[in-house]
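Beneath this line is the structure, given in structure tokens, with notes to follow.
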Amino acid sequence: MVRPSVLLLLCGSLLLPMTAVARLPGPLQAVPAAKVRDLTEIRSSRVLRVLVNQSRNSSGEVQGQTIGVEYHRLRAFEQYLNGHARDGQEITLKIIPKAKDQLLGALQRGEGDLVAPGELLDLQPGHAVASSEPIASNVPLVLVGIKGEKRYTKVEQLAGKTLALPTGSAAGEAVSQLNQKLALHKLAPIKIEWVDPTLAVEDVLEMVQGGIFHLTIVEQPIAERWGKILPKLRFDRQLMISEPGEEYWFVRRDASMLRASIDRFLTGYKTPSNEDAAFLRIYRRLYQVHYPLAKADRQRLEKLRPTLQKHAEAQNMDWLNLAALAFKESALQPSARGGGGPTGLMQITPSAAQRVGVNNIQNLDANVQAGAKYLAMIRRKFFNSPKLNERERMAFTLAAYNIGPERVQGMRAEARRRGLNPNQWFFQVERIAMEQVGMGAVSYVNSVNKYYLAFDRERESLEPRGQKVVSRK
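Read left to right, the sequence shown gives residues 0 to 472 (numbering that gives the first Met the number 0).
In structure tokens form, the structure reads like this:
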């Protein structure tokens, strides 16, 4: 059962996006105008500040290899500008990742010079912002489900269904319009589950394939791109969601020289034929989540719950974090054995267990105790700052569990040096991890996080009534 607190019913055109710590939405009304930096000022500073959608689909880069759809275009624009620069006025790009719904507000506040969202993004009233010539035209939205389940050909078939959407999704307004049509026929509205802000569009698609979410709506080019590595996805192209839209870059309205330069560049730009080569090569090797609450998995979790809860409570943790980690590490199999020494449910090594005073990790209770104590030790020694919210604290702890705390601390220092948020793993410090060590640690943390969210959606059915357990803050 989906928890009621995360479901929002769309009535008319009213959309209420979920807010979360460190991801406040951009302003919906006019904000004080910042000083405009046009191309002359940008050339003088030799830096073009680009506000990018923080999703990996839009702006990811892995060990020098581009996986984000905007990066080829942005690098080509950098070369274009420098091809027209005087000596000493070559420009470099400063990439500033933000949540999609923060981009236009950040542009108006003067935090960047250019917005490159990589998705459909509509201008909101009150923003002194102008769009470029279209980057892509006739971009439709498409309903995405999983192969083998019901196809949808008519809007009426969606009445009462729930869609999972990331914050800032272009589908929100489209669903509002669909609900108006459904209301005329006295049909139940489509419901939206605004997903946790640690998830981007690519995460939602993976969770749809895994059966954690049932349906979503995304731009068709994004769906088809990710369909190459998520083969179980189904696209209901015959269902008309809304009129096709256009993708743009955005600048401040008064930055006319920059806008003109962008438009000239876009007129002659051609997408590289091998644009997705690195993306496909990297993502086809990565772990993909699957449904963690099938009947057999749920039964195993119920048997393990008392042990997980006992040791999570002893370390002031949410037991579902331990459950998610155990599902990723061993598929909830206490007898699992990994290569190189990892053992049991938590796949902890004997040396790690001994560091926290636990022996005989062949025993289930001791294995879970060792895993919980080891996580707690990492959290206490390295990530105990009150500046970290609990979700980010756990993400850093998991990353350290995977690649070592000293390495993660070094990544935080590098993030701080680059102007990223060193207290936010998701979409911030993880970018440094992608550059330095590849996708391994990022995929690991994301997978555990997705399993945690899958369990958390079912928390009420997984915990006995009246039982008090440590939950996330």
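Note that beta-carbon positions come from the ideal geometry of N, C-alpha and C, so glycine has one too. Just so you know, these numbers come straight off a predicted model, no measurement behind them.
| query | result |
| --- | --- |
| If I follow the unbroken alpha helix (DSSP H) through P116, where does it start and stop? | Per DSSP, P116 belongs to no alpha helix (DSSP H) and is neither H nor E. |
| Given M410, which residues of its chain have a CB within under 7 angstroms of its CB, disregarding the five upstream and five downstream residues? | V428, I431, A432 and Q435 |
| For R236, is the classification buried or exposed, using 16 other Cβ atoms within 10 angstroms of its Cβ as the cut-off for buried? | exposed |
| Is it buried or exposed for S58, if we count other Cβ within 10 angstroms and need 16 for buried? | buried |
| Between the region 126 to 134 and the region 244 to 262, are three or more C-beta pairs nearer than 8 angstroms? | yes |
| Thinking C-beta only, is T197 closer than 7 angstroms to A163? | no |
| Taking the continuous alpha helix (DSSP H) assigned at A193, which residues delimit it? | With the sequence shown as reference, residue 193 is identified as Trp, and Ala is not the correct amino acid for it. Segment K190 to W193 is the beta strand (DSSP E) holding W193; no alpha helix (DSSP H) there. |
| Between the alpha carbons of L181 and S260, how many angstroms are there, rounded? | 44 angstroms |
| Where does T65 fall in DSSP's three states? | strand |
| Whole angstroms are fine: how far does the CA of E389 sit from the CA of D455? | 15 angstroms |
| Taking F381 as part of the alpha helix (DSSP H), name the residues at either end of that continuous run. | L363 to F381 |
| Could you pull the DSSP bridge partners for N52 from this structure? | K97 |
| Thinking just about the alpha-carbon of each residue, which of A199, L140 and A254 is nearest to the one in D37? | A254 |
| When the distance is taken between beta carbons, is I211 closer than 7 angstroms to Y282? | no |
| Between D317, H213, H83 and Y286, which has its C-alpha nearest G147's C-alpha? | H213 |
| Comparing alpha-carbon positions, which option in N383, E405, K380 and R336 lies nearest P366? | Contrary to the premise, residue 366 reads as Asn rather than Pro in this sequence. Among N383, E405, K380 and R336, the Cα nearest to that of N366 belongs to R336. |
| Comparing C-alpha positions only, which one of K160, T348, L387 and A75 sits nearest to I191? | K160 |
| So what does T270 bridge to, in DSSP terms? | DSSP output for T270 lists no bridge partner at all. |
| So, for D364: in the same chain, excluding its five sequence neighbours on each side, which residues have a beta-carbon less than 7 angstroms away from its beta-carbon? | T306 |
| If we ignore side chains and look at the alpha-carbon of each, how far apart do Q88 and Q78 end up? | 12 angstroms |
| Quick one: does the C-beta of L279 sit closer than 6 angstroms to a heavy atom of the ligand ATP? | With respect to small molecules bound, the structure shown includes none, and the ligand ATP cannot be examined in it. |
| Hey, S241 and A173 are a contact pair by Cβ (cut 8 angstroms); roughly how many whole angstroms apart? | 4 angstroms |
| Can at least three beta-carbon pairs, one atom from the region 285 to 302 and one from the region 438 to 456, be found at a separation below 8 angstroms? | yes |
| Could you say which of V143, D202, G63 and Q123 lies nearest to Q53 if we only look at CA atoms? | D202 |
| Taking A105 and K99 to be in contact with their CB atoms under 8 angstroms, please state how far apart those CB atoms are, rounded to whole angstroms. | A105 to K99, Cβ: 11 angstroms. No contact. |
| If you draw a straight line from the C-alpha of V1 to the C-alpha of T39, how long is it? | Caution is warranted here: a pLDDT of 42 is assigned to V1, below 50, making its placement in the model unreliable, and the coordinate value is therefore given only provisionally. Each residue's alpha carbon lies about 53 angstroms from the other. |
| Bridge partners of D235, per DSSP? | L142 |
| In angstroms with no decimal places, state the Cα-to-Cα distance between W424 and I95. | 15 angstroms |
| Answer yes or no: do P333 and G343 have a C-beta to C-beta separation smaller than 7 angstroms? | yes |
| Measure the alpha-carbon distance for G479 versus A127 and round it to whole angstroms. | Any question about residue 479 goes unanswered here, given that the chain covers just 0 to 472. |
| Output needed for I377: all residues of its chain with C-beta closer than 7 angstroms, excluding positions within five of it in sequence on either side, in chain order. | T396, A399, Y400 and P404 |
| If distances are taken between C-alpha atoms only, which option among Q64, F76 and R55 comes closest to V441? | R55 |
| Quick one: which unbroken alpha helix (DSSP H) runs of 4-plus residues sit fully inside the region 310 to 370? Chain order, please. | 318 to 329 and 349 to 354 |
| Taking all protein chains shown into account, decide if L543 is buried (16 or more other Cβ within 10 angstroms of its Cβ) or exposed. | Residue 543 lies beyond the residue range present for the chain, which begins at 0 and ends at 472; the question has no answer from this structure. |
| Within 10 angstroms of its Cβ, does P230 collect 16 or more other Cβ (buried), or is it exposed? | exposed |
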